[in-house]
Amino acid sequence: MGRTALAVVSVFALVATGYAWSTLQKAQDGLQTADVLDQGPAEKPPDGSVDILLVGMDSRTDAKGNSLPAAQLDQLHAGPDTGELDTDTMILIHIPTGGGQATGISIPRDSWVNIPGYGMGKINSAYGDAKNTALRKLKAGGLTNPAQLDVQSNQAGAKEAIQTVEQLTGIGIDHYAAVNLMGFYQISNAIGGVPVCLLHPVNDTKWSGAVFPAGNFTVKGVQALEFVRQRHNIPGGSTDIEREQRQQAFMASMAHKILSEGVLTSPSTLDSLIGAVQSAITVDNRWNLIDFAQEMSGMSSGAIKFQTVPVVNIDYRPPGSSVSAVEIDPAQVSAFVHGTTGVPTNASGSQTTQSPAGGNAAITVDVTNASGATGLAGEVLDQLASKGFTKGETGDASHRSQSVLFYPSGQEANAQAVQDALNGKFTLEEGSSVPSGHVWVYLGRNYHGPSDAADTVVGRHQQVATDIAAVLHPQAAPTTTAPASSTPDGGTKPISDAGSAPCVN
Numbered sequence: 001m002g003r004t005a006l007a008v009v010s011v012f013a014l015v016a017t018g019y020a021w022s023t024l025q026k027a028q029d030g031l032q033t034a035d036v037l038d039q040g041p042a043e044k045p046p047d048g049s050v051d052i053l054l055v056g057m058d059s060r061t062d063a064k065g066n067s068l069p070a071a072q073l074d075q076l077h078a079g080p081d082t083g084e085l086d087t088d089t090m091i092l093i094h095i096p097t098g099g100g101q102a103t104g105i106s107i108p109r110d111s112w113v114n115i116p117g118y119g120m121g122k123i124n125s126a127y128g129d130a131k132n133t134a135l136r137k138l139k140a141g142g143l144t145n146p147a148q149l150d151v152q153s154n155q156a157g158a159k160e161a162i163q164t165v166e167q168l169t170g171i172g173i174d175h176y177a178a179v180n181l182m183g184f185y186q187i188s189n190a191i192g193g194v195p196v197c198l199l200h201p202v203n204d205t206k207w208s209g210a211v212f213p214a215g216n217f218t219v220k221g222v223q224a225l226e227f228v229r230q231r232h233n234i235p236g237g238s239t240d241i242e243r244e245q246r247q248q249a250f251m252a253s254m255a256h257k258i259l260s261e262g263v264l265t266s267p268s269t270l271d272s273l274i275g276a277v278q279s280a281i282t283v284d285n286r287w288n289l290i291d292f293a294q295e296m297s298g299m300s301s302g303a304i305k306f307q308t309v310p311v312v313n314i315d316y317r318p319p320g321s322s323v324s325a326v327e328i329d330p331a332q333v334s335a336f337v338h339g340t341t342g343v344p345t346n347a348s349g350s351q352t353t354q355s356p357a358g359g360n361a362a363i364t365v366d367v368t369n370a371s372g373a374t375g376l377a378g379e380v381l382d383q384l385a386s387k388g389f390t391k392g393e394t395g396d397a398s399h400r401s402q403s404v405l406f407y408p409s410g411q412e413a414n415a416q417a418v419q420d421a422l423n424g425k426f427t428l429e430e431g432s433s434v435p436s437g438h439v440w441v442y443l444g445r446n447y448h449g450p451s452d453a454a455d456t457v458v459g460r461h462q463q464v465a466t467d468i469a470a471v472l473h474p475q476a477a478p479t480t481t482a483p484a485s486s487t488p489d490g491g492t493k494p495i496s497d498a499g500s501a502p503c504v505n
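Heads up: the sequence shown begins at 1 in our numbering, then just goes up one per residue.
See below:
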């Protein structure tokens, strides 16, 4: 839902301005904490970075385990309580040494992954599986207090979610934060709403309650929750992928507003924001905001970018299961994460300071065009050369449907680096004839070249990321004309309340 990231970006905004250490201490003292990190005393990863797992919950309780009133749940379109608690949002935030550019990587909630101890399932069920197991054990042990049951079982759920993400990405989690439904409502209200922009009007009264016009407008409270929760009746595609685009655009706009409109200099607004965070957010018990603020003092609103892990199939039907899930390739996800964050992973998934095969320059790429598109091999090889790879040879071959990357034994990481650079759908295969240090790229009909990237799922995310960057770096954004909305007679009129939010479907 983006609400967790909303809260943490709010903390980032406090950090970025170096504002009021006493205020940060006030926020720290009132936060609900949980013992959810299994490893020993936290140690810096090899590159000195910090990795934070942010989760958004459809929880019917506040951070202290107290039940939310039924009237509030109805207002939030929470739907019936099924007894299952899943994570509606998972975002990995990577912050490099010294507080440089932070990266938020969204993981689709329906991603089909291995959940340690539970087998294959949707990643959003990892939390609920472990929580329910812990609930049964706690009740069997005689615990009856509802609030205590909720808090302690949530800790078990968080530990399982963390372990699942670590296994999938190969990145060790240093900190954790979770937020509930009501918290998002309160946080968005506290800052006076967030500017957003839609390319098309939407009407989703059945599910999220989202009914919005095209163009620029501001949302807060219930409307903000509807905006980031909508996943049905979205023009151009109604999936978690489109919802994540909305979440990312919303968070970028929210961070920009906090840092550019004096939110942090208003005592009453700041008090409201801190109160909302304290009632809604649970963080790991090792997260000291004061220390974090000192480490991250160099951050600014322009230092956050958002991306999404690569997706193989958004309507995947797992063998032997009746559910619809999102298919992802764990190896591809790990390669994408280490390529995006700059923290590579080795074969075991642990962090390492060495780039695959010595970096792009040490990888010679030979490209064979089997797609039928004239000149594609040279175009792709030029693109790879622009990203530091060494040019090999080009050629043509008989048409094939699927694209393949062949690599020599023990050098799969090189092929993953090429795959990341091309943003295409490739099968990675070991080839006994491939020389050491080379990757053979065979372009099939399913790869249409860099010029068509905007037509792919990855391409759409890249376009949204570009729009988000314009929000976070307004001084560098080109001047554009605000979109227009249709009038009854078929003409257009300017959109009122035009803001700087990136437009999404």
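Each residue gets a CB set at the ideal place from its N, CA and C atoms; glycine is no exception.
Remember, predicted model here, so these are calculated numbers, not experimental data.
- By the neighbour-count criterion, in which a residue is buried when 16 or more other Cβ atoms sit within 10 angstroms of its Cβ, Asp150 is buried.
- Per the Cβ contact rule, the segment 90–110 is in contact with the segment 48–57 (3 or more Cβ pairs under 8 angstroms).
- Secondary structure at Gly128: helix, using DSSP grouped into helix, strand and coil.
- Listed in chain order, the alpha helix (DSSP H) runs fully inside the segment 214–289 are 222–229, 240–260 and 267–280, counting runs of at least 4 residues.
- Between the segment 313–329 and the segment 144–163 there are fewer than three C-beta pairs closer than 8 angstroms, too few to call the two in contact.
- In terms of Cβ geometry, Asn446 and Ser401 form a close pair [threshold 8 angstroms].
- Nearest C-alpha to Val504 among Asp420, Val196, Met251 and Asn288: Val196.
- Contact between the segment 198–213 and the segment 164–180 is absent, with fewer than three C-beta pairs closer than 8 angstroms.
- By the 16-neighbour rule on beta-carbons within 10 angstroms, Ala147 is exposed.
- Of the candidates Leu273, Thr394 and Pro408, the residue whose Cα lies closest to the Cα of Leu443 is Thr394.
- Within its own chain, the residues whose Cβ lies closer than 6 angstroms to the Cβ of Gly104, once the five positions on either side in sequence are excluded, are Ile91, Ile93 and Phe306, listed in chain order.
- Of all C-beta pairs linking the segment 131–142 to the segment 266–279, fewer than three are shorter than 8 angstroms, placing the two stretches out of contact.
- Between Ile314 and Ile241, the gap from beta carbon to beta carbon is short of 8 angstroms.
- Take Ala126, set aside five residues on each side of it, and the residues of its chain with a beta-carbon closer than 6 angstroms to its own are Ile115, Glu160, Ala161 and Thr164, in chain order.
- Contact between Val441 and Val365 holds, since their C-beta atoms are separated by about 6 angstroms, short of 8 angstroms.
- When the five nearest sequence neighbours on each side are left out, the beta carbons in the same chain lying within less than 6 angstroms of the beta carbon of Gln416 are those of Ala335, in order along the chain.
- The DSSP assignment places complete beta strand (DSSP E) segments of no fewer than 3 residues inside the segment 371–409 at 390–396 and 403–407, in order along the chain.
- For the pair Lys425 and Ser403, the CB atoms are nearer than the 8 angstroms cut-off.
- If the five residues before and after Gln28 are omitted, its C-beta is found closer than 6 angstroms to the C-beta atoms of Leu289, all from its own chain and listed in chain order.
- Cβ atoms of Val418 and Ile363 come within 8 angstroms of each other, at about 7 angstroms.
- About 6 angstroms separates the CB atoms of Val283 and Leu31; that is less than 8 angstroms, so the two are in contact.
- Here Ala102 is buried: its Cβ has 16 or more other Cβ atoms, across all protein chains shown, within 10 Å.
- Taking the Cβ atoms as the reference, Ala158 lies roughly 4 angstroms from Val36, within the contact range of under 8 angstroms.
- If you draw a 10 Å sphere on the C-beta of Thr87, you find 16 or more other C-beta atoms in it, and that means buried.
- For the options Asn360, Thr308, Asn233 and Ala140, the alpha carbon positioned closest to that of Gln247 is the one of Thr308.
- DSSP, read as helix, strand or coil, puts Thr340 in helix.
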